[in-house]
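First residue of the sequence shown: 304, per the numbering used here; consecutive thereafter.
Glycine included, each C-beta is placed from N, C-alpha and C at the ideal position.
Input: a single structure, listed below in structure tokens.
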Amino acid sequence: MTDRAEETFLKHSIAMTVVVGASGVAFGVLSGSLSIAFDGVFSAVDAAMTGLALLVTRLIARDASRRFQMGFWHLEPMVLAFNGALLTLLSFYAFVNAVMTILEGGRAFEFGWAIGYALFVVAICLGMVLYGRRANRRIGSQFVALDIKGWTMSGAITSALLLAFAAAFLLEGTRHEWLTPYVDPAVLAVLTVCLIPVPLRTVAAALKDVFLVAPASLDLQVRAAVDAAVARHGFLDARTYVAKAGRSRLIEVHFVVPPTFSIDTISVLDAIREEVGEAIGDAGSDRWLTIAFTGDPKWTR
304 MTDRAEETFL KHSIAMTVVV GASGVAFGVL SGSLSIAFDG VFSAVDAAMT
354 GLALLVTRLI ARDASRRFQM GFWHLEPMVL AFNGALLTLL SFYAFVNAVM
404 TILEGGRAFE FGWAIGYALF VVAICLGMVL YGRRANRRIG SQFVALDIKG
454 WTMSGAITSA LLLAFAAAFL LEGTRHEWLT PYVDPAVLAV LTVCLIPVPL
504 RTVAAALKDV FLVAPASLDL QVRAAVDAAV ARHGFLDART YVAKAGRSRL
554 IEVHFVVPPT FSIDTISVLD AIREEVGEAI GDAGSDRWLT IAFTGDPKWT
604 R
């Protein structure tokens with residue numbers, strides 16, 4: 304049910320992003336606004352990335368294949384990193400373009416088209432953020448969370464554009480009218496500088512998963528469960544290895560048992576595995592847990 308809910312939300316998001324992207328490009332041409340054109344291109348790129356995310360969620364929901372025997376979890380942080388990097392580069396390019404336009408004397412545009420577009424897009428963005436937050440309380444998906452960030456960014460961009468366009472419209476016919484050509488590129492420059500850190504944080508978090516950096520909280524959680532099992536069953540030692548790849552949690556535990564440890568049947572070891580697994584918690588299809596037993600510490604390295 305969670306996978307279907309995630310897929311449904313992403314499909315709706317793609318459809319609405321295509322609407323916003325097409326509107327942005329069209330209104331950008333009609334109004335002559337660089338910031339609106341950027342908003343449209345940003346939305347088009349976001350739609351493409353959301354489509355890629357949807358493909359990955361379908362792969363993750365499938366069983367492991369002969370070629371991908373460890374599953375498809377590793378694709379999720381790769382897509383998140385690519386998405387964040389692309390949005391960062393797009394924002395940086397828009398900033399450079401805005402600065403060049405300011406240096407060239409600004410750019411005139413039609414306020415009527417611009418204000419109408421901004422109102423339309425702000426309403427869509429607000430609706431999608433509220434819809435996404437409500438849906439993700441049940442889904443708990445990084446893809447949905449990233450998509451909500453995208454709608455929040457788009458909404459922030461367009462809200463700022465709306466305020467700037469309204470202010471510039473009020474300047475027409477006054478002694479400050481000479482400032483109006485600078486409004487559009489100036490707003491775009493400020494917004495892109497503010498927005499660049501958002502996808503950069505996504506890239507940083509995704510790269511930790513790509514490089515299998517052990518999450519501190521998961522490491523402490525597993526270590527506590529394993530240490531309790533060592534003390535309870537009189538094991539000599541234990542080694543733990545944890546990593547996170549997207550929504551998956553990869554956990555390996557190696558117990559070093561003493562020579563006197565009695566194993567009447569394999570069910571004795573299975574019972575310990577069950578005990579440790581319950582102590583770690585969060586069992587499910589996204590947890591990959593391996594628990595091994597050995598009498599020689601060399602097999603734990």
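- Looking at the DSSP output, residue 540 shares a beta bridge with 559.
- Taking 3 residues as the shortest admissible run, the segment 446-500 contains no complete beta strand (DSSP E) segment at all.
- If you draw a straight line from the Cα of residue 381 to the Cα of residue 579, it is about 31 Å long.
- Distance from the CA of residue 323 to the CA of residue 457, rounded to the nearest whole angstrom, comes to 10 Å.
- With fewer than 16 neighbouring CB atoms inside 10 Å of its own CB, residue 481 falls in the exposed class.
- The beta carbon of residue 485 sits closer than 7 Å to the beta carbons of 405 and 409 from its chain, once the five residues preceding and following it are set aside; these are given in chain order.
- Taking residue 533 as the centre and dropping the five residues before and after it, the same chain places the C-beta of 541 closer than 6 Å to its C-beta, in chain order.
- Here DSSP, grouped into helix, strand and coil, assigns residue 552 to strand.
- A distance below 6 Å between beta-carbons, with the five flanking residues on each side excluded, links residue 567 to no residue of its chain.
- A Cβ-Cβ contact shorter than 8 Å links residue 590 with residue 552.
- Assigned with DSSP and collapsed to three states, residue 517 falls in coil, not helix or strand.
- Here residue 370 carries a coil assignment [DSSP, helix/strand/coil].
- Here residue 511 is not bridged, per DSSP, to any residue.
- If you draw a straight line from the Cα of residue 343 to the Cα of residue 328, it is about 5 Å long.
- As computed with DSSP, residue 546 is found in a beta bridge with 553.
- About 5 Å separates the beta carbon of residue 468 from that of residue 417, a gap short enough to meet the 8 Å contact definition.
- When beta bridges are read from the DSSP output, residue 384 appears opposite no residue.
- Residues of the same chain with a CB within less than 6 Å of the CB of residue 498, apart from the 5 flanking positions on each side, are 394 and 456 in chain order.
- Within the same chain, Cβ atoms closer than 8 Å to the Cβ of residue 597 are found at 557, 558, 559, 560 and 603, the five residues on either side in sequence being excluded.
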